[in-house]
Structures are given as structure tokens and as C-alpha cells.
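Chains as they are written, first to last, in the numbering used here: chain A, 25 to 206; chain B, 15 to 111; chain C, 6 to 400.
Written below as C-alpha cells is the structure these notes are about.
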Amino acid sequence: MIEIRFHGRGGQGAVTTGELLAKAAVSEGKWAQAFPAFGPERRGAPVLAFCRVSDERIRHRFQIKEPDIAVVLDPSLLEVLDPTKGLKPEGVLVVNTTLSAKELKKQHKFSCKVATVDASKIAHEILRLNITNTAMLGGLIKVSGLVRMESLDAPFKDRFGKIAENNLRACHRAYEEIKLEE
Amino acid sequence: MVKPADQWKWQELEPGFVVLAPGSAADYKTGDWKSEHPVWNESICIKCGLCHIYCPDIAVFQKSTGYFAGDYDYCKGCGICSQECPTGAISMVEGKE
Amino acid sequence: MSETAKGKVGIEVSLAVSEAVKQCDTDVISAYPITPQTHIVEHLAELVANGELDAEFIPVESEHSAMSVCAGSSAAGARTFTATASQGLALMAEIVYCVSAMRLPMVMVVANRSLNSPLSIWNDHGDVMMVRDSGWVQIFVENGQEAYDHVFWCFRVGEDAKVLHPVMLNMDGFIVTHVVEPIEFWSEDMVRKFLPPFKPVHRLDPEKPATFGAFGPPEIFTEAKMAQEHALMASMPVIEKAWDELFELCGRRYQPVESYRFEDAKILFVTMGSIGETARVAIDEMRETGEQIGLVSLRLWRPFPFARFKDAVRNAEVLVVIDRAIVFGGVGGPVAAELRSALYSEKKRPKVVNFIAGLAGRDVQPDDFWQMLERAKNRVAEGREDEFEIYGVRG
Numbered sequence: 025m026i027e028i029r030f031h032g033r034g035g036q037g038a039v040t041t042g043e044l045l046a047k048a049a050v051s052e053g054k055w056a057q058a059f060p061a062f063g064p065e066r067r068g069a070p071v072l073a074f075c076r077v078s079d080e081r082i083r084h085r086f087q088i089k090e091p092d093i094a095v096v097l098d099p100s101l102l103e104v105l106d107p108t109k110g111l112k113p114e115g116v117l118v119v120n121t122t123l124s125a126k127e128l129k130k131q132h133k134f135s136c137k138v139a140t141v142d143a144s145k146i147a148h149e150i151l152r153l154n155i156t157n158t159a160m161l162g163g164l165i166k167v168s169g170l171v172r173m174e175s176l177d178a179p180f181k182d183r184f185g186k187i188a189e190n191n192l193r194a195c196h197r198a199y200e201e202i203k204l205e206e
Numbered sequence: 015m016v017k018p019a020d021q022w023k024w025q026e027l028e029p030g031f032v033v034l035a036p037g038s039a040a041d042y043k044t045g046d047w048k049s050e051h052p053v054w055n056e057s058i059c060i061k062c063g064l065c066h067i068y069c070p071d072i073a074v075f076q077k078s079t080g081y082f083a084g085d086y087d088y089c090k091g092c093g094i095c096s097q098e099c100p101t102g103a104i105s106m107v108e109g110k111e
Numbered sequence: 006m007s008e009t010a011k012g013k014v015g016i017e018v019s020l021a022v023s024e025a026v027k028q029c030d031t032d033v034i035s036a037y038p039i040t041p042q043t044h045i046v047e048h049l050a051e052l053v054a055n056g057e058l059d060a061e062f063i064p065v066e067s068e069h070s071a072m073s074v075c076a077g078s079s080a081a082g083a084r085t086f087t088a089t090a091s092q093g094l095a096l097m098a099e100i101v102y103c104v105s106a107m108r109l110p111m112v113m114v115v116a117n118r119s120l121n122s123p124l125s126i127w128n129d130h131g132d133v134m135m136v137r138d139s140g141w142v143q144i145f146v147e148n149g150q151e152a153y154d155h156v157f158w159c160f161r162v163g164e165d166a167k168v169l170h171p172v173m174l175n176m177d178g179f180i181v182t183h184v185v186e187p188i189e190f191w192s193e194d195m196v197r198k199f200l201p202p203f204k205p206v207h208r209l210d211p212e213k214p215a216t217f218g219a220f221g222p223p224e225i226f227t228e229a230k231m232a233q234e235h236a237l238m239a240s241m242p243v244i245e246k247a248w249d250e251l252f253e254l255c256g257r258r259y260q261p262v263e264s265y266r267f268e269d270a271k272i273l274f275v276t277m278g279s280i281g282e283t284a285r286v287a288i289d290e291m292r293e294t295g296e297q298i299g300l301v302s303l304r305l306w307r308p309f310p311f312a313r314f315k316d317a318v319r320n321a322e323v324l325v326v327i328d329r330a331i332v333f334g335g336v337g338g339p340v341a342a343e344l345r346s347a348l349y350s351e352k353k354r355p356k357v358v359n360f361i362a363g364l365a366g367r368d369v370q371p372d373d374f375w376q377m378l379e380r381a382k383n384r385v386a387e388g389r390e391d392e393f394e395i396y397g398v399r400g
């Protein structure tokens with residue numbers, strides 16, 4: 025079972041990221057579970073969302089404390105929290121950032137594997153919005169190999185309707201551009 | 015006539031305590047405890063019908079002659095018909111009927 | 006023992022529940038929105054508005070009105086559904102009691118949530134415990150598939166001529182309602198086989214006037230309550246039969262009392278609701294270390310399955326009951342109190358240790374089960390199992 029924790033700000037679609045991944049995984053015959061940490065939500069406040077993907081039935085009904093992958097949708101969050109808290113020793117941190125993995129590790133003293141992609145730039149250029157979730161999903165899939173990219177087509181169409189195509193483009197571009205460093 | 019409440023066994027009740035035949039005053043003579051009753055003087059009565067309209071119990075009825083009279087099974091002797099009669103044709107007399 | 010997710014759809018559980026209500030061809034839905042039930046009723050409103058479900062969706066100004074509408078709707082012979090939680094359930098409480106006494110079939114999903122105060126939107130069983138004595142058939146589900154399957158089951162049981170009761174379908178707010186997970190949907194054919202049309206015994210009918218919700222003076226009230234208790238207990242055979250029929254239909258076996266790795270277990274955790282799933286994760290870990298631990302998870306809460314429960318715990322020495330609600334004034338957990346009462350007259354009965362955990366959705370992890378196990382063992386060793394404990398309270 026792979027456990028993923030998403031860090032975002034309210035209104036950036038962190039919760040949706042997990043849901044899209046879960047739906048894609050289920051369409052491939054896998055077990056998956058996606059849910060947020062609930063709280064009084066407001067735009068801009070830090071938000072946590074979770075996703076589990078497994079070949080075995082998932083009976084876990086609690087928050088993920090030791091994720092395999094932590095995803096940071098908004099780089100400003102790195103100033104207020106430590107996304108690597110509880111991250112498994114072999115875990116990966118996936119960050120939306122303009123910095124390289126090396127620079128990030130130096131700045132924040134991360135000792136884990138780090139994958140970086142400038143999702144904000146991709147979102148800005150394709151969606152004209154700073155909503156990075158669909159781009160980050162592409163980066164996450166490249167790093168984790170959890171689902172096939174084609175499995176995203178139906179959930180995206182269902183969720184985004186007219187803007188599904190642009191979101192898929194952002195997703196695929198981040199898939200290409202993400203860089204993983206050990 | 016519906017069985018009184020204290021005679022029902024629990025198994026006899028309808029599901030949800032639905033009552034199919036409610037109690038009804040029609041099964042009883044509700045006027046049998048009055049102490050006085052109205053009497054019409056037909057030589058004064060102008061057949062206006064106000065006694066019938068004002069009776070709170072629908073216990074005043076019109077006879078085939080057009081004059082009005084009391085249904086003493088249900089009339090309780092409240093005296094409203096006598097009070098409201100515009101010609102004073104109705105007197106309240108002691109006794110049930 | 007690998008169960009496959011093939012053929013299932015990834016969907017938010019609330020939406021799956023709404024889809025099931027649609028598949029039942031429900032006639033009337035009247036509800037007032039309240040977290041965490043909102044996604045259920047919002048989706049139902051959409052399904053009615055876009056014509057996918059031919060039903061009357063009656064928006065009302067409060068939950069009290071919602072349950073009143075449902076009472077009238079069921080009395081008129083319509084298949085009726087509503088959903089609520091917490092304060093909403095509290096607000097409709099007076100009608101909740103009427104509806105069961107009046108034997109009006111309907112299905113109500115309760116997205117279990119704490120009762121104020123303090124104000125909490127998160128999950129626990131405080132709300133349903135408030136109407137524990139209401140006379141409804143009450144069940145608990147642990148995950149999305151169970152939530153979906155039981156919409157059909159609840160209508161099947163409640164509307165059965167030998168039952169005629171409203172049915173409360175409890176699912177943990179957020180923890181079950183708001184999770185996206187794989188659900189296997191029923192085909193139209195399956196629904197048709199399983200759920201016959203609603204044929205009430207008594208119906209509001211101008212051609213045949215009758216009194217619903219009549220006056221009950223001292224001479225007859227006792228008989229009315231005797232009849233009601235008898236009817237609720239008499240629903241047990243239909244409850245079991247409906248689960249058998251469901252198993253025939255889709256291969257999923259549900260029971261009034263679910264057991265997990267219990268046969269040789271000396272210690273049994275007892276849970277109700279989704280916490281039972283996490284318990285199984287913990288028990289598997291414990292079994293690896295040689296602990297003889299199992300789980301009893303109560304699915305049927307009312308009518309209480311005395312015989313099944315006693316059978317499930319017959320070999321246990323200790324029951325560690327985890328309540329997700331508190332009864333103030335020294336009682337502790339309502340489930341533990343119920344179980345102690347059920348076991349009182351047994352010659353051989355396990356010790357009952359009671360923890361109250363997970364209030365207002367506080368996360369309960371497998372680690373917490375390990376801790377509760379340890380604390381339970383200590384209590385039993387010290388002869389202090391009678392005092393209940395609020396697990397994890399700081400201070």
C-alpha cells in the first residue's frame with residue numbers, strides 16, 4: 025500500500041488531487057481511498073488531504089502519519105510547516121518550486137529524496153490560474169508510477185468538464201518536467 | 015360503537031395504533047345530563063332559523079312544518095338559542111325534556 | 006484472500022448513497038442540510054432536478070419539518086427517504102419517536118456527528134445515542150460498500166409487511182461519508198429482485214378515513230407500547246432473511262454481529278461503526294506478535310441481537326468495548342452499558358473494560374488499539390475494569 029499526504033492551501037484543490045488519483049486507481053482495478061483532514065476551511069489556510077492506493081482491500085480509517093510520498097502544492101507552505109514530518113525513510117517529497125532539489129535540501133535541511141517541478145509556472149501558462157493541483161498530480165504519477173496517465177482522462181472529464189483538456193495538458197507537462205533527486 | 019379503551023388487548027390494536035373507527039358522539043346521548051331544555055312557542059316563532067345557526071351543538075332542527083325544535087338527545091340546555099331568538103319565542107324550562 | 010476492486014467505481018460514499026436512493030425509485034425526499042450529510046441531499050436534489058429520479062424533493066425550513074413531511078409521506082404510502090446528523094436529529098427528535106410508534110416505514114441516513122456543546126462538526130455517536138430508545142430499527146455500517154448496500158436493505162426491511170418500521174442507517178460522518186473509495190454498484194435487475202414495491206397496511210385515504218397518531222389515554226397506552234415492542238422484536242427474522250437475500254444477490258455476507266478472528270480469542274475488542282475497520286488492522290498486527298485477540302463489531306443496534314452477541318463472546322475472557330459516545334453521570338459508554346446488561350444473567354461472562362475514544366472525530370490509529378489493550382490488561386489485573394476511561398484525554 026502506498027500512502028500519500030498532500031499539503032495545500034484552501035482553494036488550491038489539494039483534496040481534489042487525492043480524489044482524482046483514487047478514482048483513476050479504482051478504474052484500474054486497484055483499491056484506493058481519498059479523504060481530507062476536515063476543519064473549518066477558508067481560502068489560503070493550510071489544508072491536508074490523504075490518499076491510499078493498494079492491491080489489497082484498505083481498512084485503514086485514520087489519517088496518514090507516515091506517508092510514502094508527501095506532496096507540497098504551494099511553496100510558501102515550506103515556511104510554516106515541515107512536510108517531511110513522519111515521511112518514511114525511503115519516502116519522497118514532491119514540491120512545487122522554482123528551486124532545484126539540491127537548493128531546497130540545503131535551505132530546509134531535507135534528508136529525503138526530493139522531486140521538484142515548477143507547477144505554478146505550468147498552471148499560469150496553461151490555466152492562467154495559480155491552481156497547481158492537476159500539474160502536481162502529473163508530477164506525482166511520474167515519481168510514483170501509481171496509475172497510467174490514460175486513467176486520468178475519465179475522472180478529469182467528469183470533474184472538470186469544459187476545462188478538462190487544459191488540466192490534462194498541465195498534468196502531462198508536469199509529468200514530463202518533474203525532476204527527482206536522491 | 016367502538017369498544018371502550020380499557021377493553022382492548024394489545025394484540026387487537028392496529029399496527030402503529032391506527033384507529034380505524036373513531037369514537038363518535040353519534041353513539042351516545044350526550045344531552046342526557048341537562049338541567050333545563052328549550053321550548054318553542056310556535057305562535058311567536060317567525061321561522062328565521064337563528065336558533066339553528068347559533069346552537070353550538072347542531073341540536074336544533076327544522077321540522078317539516080318549517081318551525082324549529084330541539085333534539086333533546088344532544089341538546090345540553092346551554093340556553094344560547096333562547097338568548098339569541100329575536101322574537102323571544104324560546105323559553106328555557108326545567109327538566110330534561 | 007485477495008478481494009478485487011475490479012468492476013468497482015471510485016466515488017464519494019455520500020454520492021453512492023444518493024445513487025442507491027435513486028435506484029430504489031424513492032418517491033419522496035424531504036431533508037434539511039447539515040454537515041456532514043450535505044453531499045447526500047445535494048446530490049439527490051440534483052438527481053431530481055435533472056429528471057434522473059422521478060420523486061418529490063421537498064425542501065423544508067428545519068429538520069423538525071423534514072421528519073414531519075416524511076411522516077405524512079410514508080402514511081400516504083410513498084417510499085420515503087431523509088438524512089440528517091447531530092443537531093438536526095436533535096431538532097426532529099419528537100417526530101422521530103412518533104414515526105416509529107406509528108409504524109411508518111422510511112429510511113433515514115444519520116451521518117453520525119457529535120452533539121453540541123462545544124460545537125463539533127466531526128464524527129462520533131452522540132447523535133444516534135440520543136434516539137437510542139426511539140423504537141427505530143438501527144444499524145451501523147463501517148465503509149462505503151456497506152453504506153451503499155444498506156440503502157436497499159433498509160427499504161427492504163422497513164417496508165416489509167411483517168416489519169413496518171422506520172430504519173436508521175448510521176454511517177460515520179466524514180470518515181465514511183466523505184471518503185472516495187471503490188463501490189460495486191447494483192444492476193437494475195438486482196434491485197428489482199431484492200426490493201418489491203411499497204405496499205402499506207394502512208394508508209391515508211379519503212375513501213377510508215382513519216386516525217394516524219391518535220390520542221392514547223392511560224387505559225390503552227400500555228397496550229400500544231406492548232404492541233410496539235413486540236413488533237420491533239418480531240422484525241428480527243425479516244432482518245436476517247433480508248441479509249441472506251442480499252448475500253444470494255451479491256455475495257456479500259452481513260450479520261447482526263460481525264466477528265473477526267474471534268474463535269480462540271481471549272480478548273475481544275468490541276466496536277460499532279468504521280472504527281471496526283481500523284481495529285482489524287490493529288488486530289492483524291497483534292496476532293503477528295502472538296496475542297490472542299479478536300473483534301466483535303455490532304452491526305445491528307436495535308433490535309439488540311442478544312443471542313448472536315452472547316454467542317460471539319462465549320469464549321472470551323475480556324471484552325474491550327470502545328464507545329464513541331459518553332453517557333454522563335457515571336455510566337460511561339452506552340454500548341458497554343448495554344453489553345454488561347445483556348451478559349448479566351450469564352453464568353460465565355467476560356470482564357468488560359470500557360474506553361471512550363474518537364469523540365468529535367479524534368483520529369483513532371492502530372497504535373491507540375495497542376495502548377488500549379495494554380491499559381485494559383492493567384485494569385483487569387488490578388480489578389479496576391468497572392471504571393470506564395476516556396482514552397487519550399490530556400490532563
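All C-beta atoms, glycine included, are put in the ideal place defined by N, C-alpha and C.
All values reported here derive from a predicted model rather than from experimental measurement.
N- and C-terminal bounds of the alpha helix (DSSP H) containing residue i
i, result
"A:THR40", "38-51"
"C:LYS27", "18-28"
"B:HIS66", "64-68"
"A:HIS148", "143-151"
"C:CYS103", "98-106"
"C:ASP169", "Per the sequence shown, residue 169 of chain C should be read as Leu rather than Asp. Counting along the chain, C:LEU169 falls outside any alpha helix (DSSP H), and DSSP gives it neither H nor E."
"C:GLY77", "68-80"
Whole-angstrom distance between residue j and residue i, CA atom to CA atom
i, j, result
"A:LYS54", "A:GLY163", "20 Å"
"C:MET6", "A:ARG81", "Low per-residue confidence applies at C:MET6: pLDDT is 41, beneath 50, and the placement is therefore not dependable enough to give any value."
"C:ALA3", "B:GLU28", "With chain C running from 6 to 400 in the structure shown, residue 3 of chain C is simply not present."
"B:TRP24", "C:VAL65", "36 Å"
"B:ALA83", "B:GLN76", "6 Å"
"B:GLY109", "C:GLY221", "36 Å"
"A:THR122", "A:THR140", "8 Å"
"C:ASP269", "C:THR283", "21 Å"
"C:GLU394", "C:PRO355", "18 Å"
"C:VAL14", "A:SER51", "7 Å"
"A:ILE150", "A:SER144", "10 Å"
"C:GLU228", "C:THR43", "40 Å"
"B:MET106", "B:LYS43", "20 Å"
"C:ALA36", "C:LEU49", "10 Å"
"B:GLY66", "B:TYR88", "The question names Gly, but residue 66 of chain B is His in the sequence shown. Rounded to the nearest angstrom, the two C-alpha atoms are 13 Å apart."
Unbroken beta strand (DSSP E) run spanning residue i, endpoints
i, result
"B:SER105", "104-108"
"C:TRP158", "No beta strand (DSSP E) holds C:TRP158; the alpha helix (DSSP H) holding it covers 149-163."
"A:TRP55", "55-60"
"C:ASN117", "111-117"
"C:THR89", "85-89"
"C:LEU305", "305-307"
Neighbourhood of residue i by C-beta distance below 6 Å, restricted to the same chain and skipping five residues each side
i, result
"A:GLU65", "GLY34"
"B:CYS59", "TYR81 and ALA103"
"A:GLU27", "ARG76, ILE88, PRO91 and ASP92"
"C:VAL358", "VAL325, ALA381, ARG384 and GLU390"
"B:ASN55", "ALA103"
"C:GLU61", "VAL33"
"C:THR40", "ILE126"
Cβ-based neighbour list, residue i, same chain, cut-off 8 Å, excluding 5 preceding and 5 following
i, result
"C:HIS69", "LEU96, MET97, GLU99 and ILE100"
Contacts around residue i, its chain only, beta-carbon distance under 7 Å, and the 5 residues preceding and following it disregarded
i, result
"C:GLU293", "none"
"C:ALA219", "none"
Three or more C-beta pairs closer than 8 Å, one from the segment 329-340 of chain C and one from the segment 311-320 of chain C: is that the case here? no
How about the segment 298-305 of chain C and the segment 246-265 of chain C: do they share at least three Cβ pairs that are nearer than 8 Å? yes
For the structure I just gave you, are there three or more beta carbon pairs, one from the segment 184-193 of chain C and one from the segment 109-119 of chain C, closer than 8 Å? no
Which residues, taken in chain order from the segment 171-189 of chain C, show a beta carbon closer than 7 Å to some beta carbon of chain A? PHE179, ILE180, HIS183, VAL184, VAL185, GLU186 and PRO187
Validate contact between the segment 186-198 of chain A and the segment 166-186 of chain C using beta carbons, cut 8 Å, 3 pairs: no
Cβ pair count under 8 Å reaching 3, the segment 87-101 of chain B against the segment 14-27 of chain C: No: fewer than three Cβ pairs fall under 8 Å.
Quick test of the definition: if touching needs 3 or more C-beta pairs under 8 Å, does the segment 317-324 of chain C touch the segment 116-133 of chain A? Proximity of the segment 317-324 of chain C to the segment 116-133 of chain A falls short of the contact definition, fewer than three beta-carbon pairs being nearer than 8 Å.
Quick one, which residues of the segment 260-281 of chain C are near chain A if we go by CB-CB under 8 Å, in chain order? Residues passing the 8 Å Cβ filter: SER279 and ILE280.
Going along the chain, which residues of the segment 38-58 of chain A sit with their C-beta nearer than 8 Å to a C-beta in chain C? GLY42, GLU43, ALA46, LYS47, ALA48, ALA49, VAL50, SER51, GLY53, LYS54, TRP55, ALA56, GLN57 and ALA58
Decide if the segment 363-382 of chain C is in contact with the segment 337-345 of chain C; the criterion is three or more beta carbon pairs, one per stretch, under 8 Å apart. no
Evaluate the contact criterion for the segment 121-132 of chain C versus the segment 161-170 of chain C: three or more CB pairs, one atom per stretch, below 8 Å. no
Taking a cut of 8 Å between CB atoms, which residues from the segment 67-100 of chain A lie near chain C? ASP79, GLU80, ARG81, ILE82, ARG83, HIS84, ARG85, PHE86, GLN87 and LYS89
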